[in-house]
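Undergrad: I have a structure I would like to understand better, so I am pasting it below and will then ask my questions one at a time.
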Amino acid sequence: MYKSMMQAVCSETDVSDIDLSMFVGAEEPLHGVNELAAASVRAAVSSTQMFIQEYFGTRPSARIDRTLVDRWCVSSVMPTGWRLPSEWDEFAKDYQARDGWIRLHTNASHHRDCALSVLGDVSTPEEAAEVIANWNSAELESAIVNAGGCAAVLRNRQEWQSHPQGIAVAQEPIVHWDITQSSSHHWKLHSSERPLSGLRVLDLTRVIADPVATRFLANLGADVLRIDPPHWDEGGNTIDMAVGKTCAGLNLREAEDLSTLIELIKSAHVLVHGYRKDALSRLGLTKSRLSELNPALISVGVNAYGAI
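Note that the numbering used here has the sequence shown beginning at 34, numbered continuously upward.
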């Protein structure tokens, strides 16, 4: 199973060597997510090895502990004498509808407001559960999404594979590459121990999936600046996902703050963003505009659910 997962990940990331001897730790994962996590770390490690070999002339050895990977996917922070804030809103959970189960995602306040506007006069998750029990799951999913919220029916593999979104995602590559001649930066290399030292990364990401990518770059020495809206709160995720980063706040709906972001883009080597695909365009930061501001900028858009 690991080899098939590795082949799928590596085929999309320009990593050709699939050496299972790199893996140590638990042999039998409970769910496929464990395999994906290990394969993803393996692809990242192999890319790092290739980079170091290319620019420093030596290829470091590596071992990937599956158990440690699993733990990092839960949290990298172990509080002593205090507790991490909850990373979930009280309404964010699975609910049983009339014909199956549905997941509400209400961590963002506007998603919560949209979901509750559909459910009506409810003030607790228990009251929400009573209302949802009378809904058809697919109809509730559509109603919340159409209201601007976030919800998903829990489908089995066969149902997902036949669903229009499942079909669309299956047809996409893991990585979309768009390489131009100007997409190349040069910065002073320092040491193979911190191979990305000096690389300036502008981080416009949220929650878990996207910030993990920039946290990995920070771990390799990159100077990562994370930008959040004022008063943005992700609970315990904030501490975990900000490891190794510098954090700042900007309100991109304000002209002055947007100008500050533009100046940061001009001096960045890499921009990583996890917004909806039209969000930057609405700010005037279209693909062509980013190219004008910084012709050598490497722009990385991360989407956890497919670019559809």
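All C-beta atoms in this analysis are idealised placements derived from N, C-alpha and C, irrespective of residue type, glycine included.
1. Run through DSSP, which three-state label would Q194 get?
2. Within the 8 Å Cβ cut-off, does A242 reach chain B?
3. For the 8 Å Cβ check, are there 3 or more pairs between the stretch 185-200 and the stretch 149-166?
4. Count the CB pairs spanning the stretch 303-320 and the stretch 235-247 that are closer than 8 Å, and state whether there are at least three.
5. Would you kindly work out how many angstroms separate the C-alpha atoms of S314 and R322, rounded to a whole number?
6. Please list the terminal residues of the continuous beta strand (DSSP E) segment that includes G17.
7. So which of A301, K299, V257, E287 has the shortest CA-CA distance to A281?
8. Of all the options D211, V335, N252, L285, which has the alpha carbon lying nearest to the alpha carbon of A329?
9. Under the assumption that L291 contacts I260 (Cβ atoms under 8 Å), give the Cβ distance between them as a whole number of angstroms.
10. I'd like to know if the stretch 92-99 and the stretch 123-136 are in contact, where contact means that at least 3 CB-CB pairs between them fall below 8 Å.
11. Let me know the secondary structure DSSP gives C147 once reduced to three states.
12. Which residue or residues does DSSP assign as beta-bridge partners of T279?
13. Using 8 Å as the threshold, is the stretch 194-202 in touch with the stretch 143-151, meaning 3 or more CB pairs across them?
14. Using the beta-carbon count (16 or more within 10 Å), is D132 buried or exposed?
15. Would you mind stating whether G268 and S119 have Cβ atoms separated by less than 8 Å?
16. With the cut-off set at 8 Å, would you say K299 and L326 are in Cβ contact?
17. If you run the structure through DSSP and keep just helix, strand and coil, what is R104?
18. Check V48 in the structure and name its three-state DSSP category.
19. Tell me the DSSP secondary structure of D311 in three-state form.
20. Taking the beta strand (DSSP E) that L137 falls in, what are its first and last residues?
21. Specify, as a first and last residue, the run of the beta strand (DSSP E) that A184 falls within.
22. Ordered along the chain, which non-local residues of its own chain (more than five positions away) have a Cβ less than 6 Å from that of P230?
23. Tell me which same chain residues have a C-beta within less than 6 Å of the C-beta of R233, skipping the five on either side of it?
24. For L326, which three-state DSSP category applies?
25. Excluding the 5 residues preceding and the 5 following V164 in the sequence, name in chain order all residues of the same chain whose CB lies nearer than 8 Å to its CB.
26. Checking 8 Å against the spacing of the C-beta atoms, do L101 and I272 come in under that value?
27. For the alpha helix (DSSP H) containing Q82, list its first residue and its last residue.
28. With a threshold of 6 Å on Cβ separation, who are the neighbours of V66 within its own chain once the five nearest residues in sequence on each side are excluded?
TA: So, from the listed chains and residues:
1. The residue you call residue 194 lines up with position 161 of the sequence shown. It is helical.
2. Looking for chain B here will not work: only one protein chain is present.
3. Taking a cut-off of 8 Å for Cβ pairs, the stretch 185-200 and the stretch 149-166 do not touch, as fewer than three such pairs fall below it.
4. yes
5. Within the sequence shown, numbered from 1, the residue matching residue 314 stands at position 281. Within the sequence shown, numbered from 1, the residue matching residue 322 stands at position 289. Rounded to the nearest angstrom, the two C-alpha atoms are 9 Å apart.
6. Coverage of the chain is limited to positions 34 through 341, which leaves residue 17 absent and any answer about it impossible.
7. Here residue 281 is taken as the residue at index 248 of the sequence shown, counted from 1. The shortest C-alpha to C-alpha distance from A281 to any of A301, K299, V257, E287 is the one to V257.
8. Stepping through the sequence shown from its first residue, residue 329 is reached at position 296. Nearest C-alpha to A329: D211.
9. On the sequence shown, residue 291 is found 258 positions in, with the first residue counted as 1. On the sequence shown, residue 260 is found 227 positions in, with the first residue counted as 1. No, L291 and I260 are not in contact; Cβ-Cβ is about 11 Å, not under 8 Å.
10. no
11. Here residue 147 is taken as the residue at index 114 of the sequence shown, counted from 1. Helix.
12. Residue numbering aside, residue 279 sits at position 246 when the sequence shown is read from its first letter. Paired residues: L258.
13. no
14. The residue you call residue 132 lines up with position 99 of the sequence shown. Answer is exposed; the Cβ neighbour count stays below 16.
15. Residue mapping note: residue 268 aligns to position 235 of the sequence shown, counting from 1. Residue mapping note: residue 119 aligns to position 86 of the sequence shown, counting from 1. Yes.
16. Indexing the sequence shown from 1 puts residue 299 at position 266. Indexing the sequence shown from 1 puts residue 326 at position 293. Against a cut-off of 8 Å, the Cβ pair of L326 and K299 comes out as a contact.
17. In the sequence shown, counting from the first residue as 1, residue 104 sits at position 71. Here R104 sits in helix by DSSP.
18. Position 15 of the sequence shown, counting from 1, holds the residue named residue 48. Because V48 carries a pLDDT of 48, less than 50, the predicted location of this residue cannot be relied on, and no value is offered for it.
19. Here residue 311 corresponds to residue number 278 of the sequence shown, with the count starting at 1. Of the three classes helix, strand and coil, the one that applies to D311 here is coil, per DSSP.
20. Position 104 of the sequence shown, counting from 1, holds the residue named residue 137. Note, L137: beta strand (DSSP E), 134-137.
21. Position 151 of the sequence shown, counting from 1, holds the residue named residue 184. Run containing A184: 184-186, per the beta strand (DSSP E) assignment.
22. Locating residue 230 in the sequence shown gives position 197, where the first residue counts as 1. As written in the sequence, residue 230 is Ser, which differs from the Pro given in the question. These residues qualify, in order along the chain: H223, G254.
23. Position 200 of the sequence shown holds residue 233. Contacts found: D256, A301, H302.
24. Counting from one through the sequence shown, the residue named residue 326 turns up at place 293. L326 falls in the helix class under three-state DSSP.
25. On the sequence shown, residue 164 is found 131 positions in, with the first residue counted as 1. For V164, where only same-chain residues beyond five positions count, the Cβ hits under 8 Å are L152, G153, V155.
26. By 1-based counting over the sequence shown, the position of residue 101 is 68. By 1-based counting over the sequence shown, the position of residue 272 is 239. For L101 and I272, no; Cβs fall outside 8 Å.
27. In the sequence shown, residue 82 corresponds to position 49, counting from 1. Start and end: 65-89.
28. Taking the sequence shown and counting its residues from 1, the one referred to as residue 66 is at position 33. Excluding residues within five positions, none has a Cβ falling inside 6 Å.
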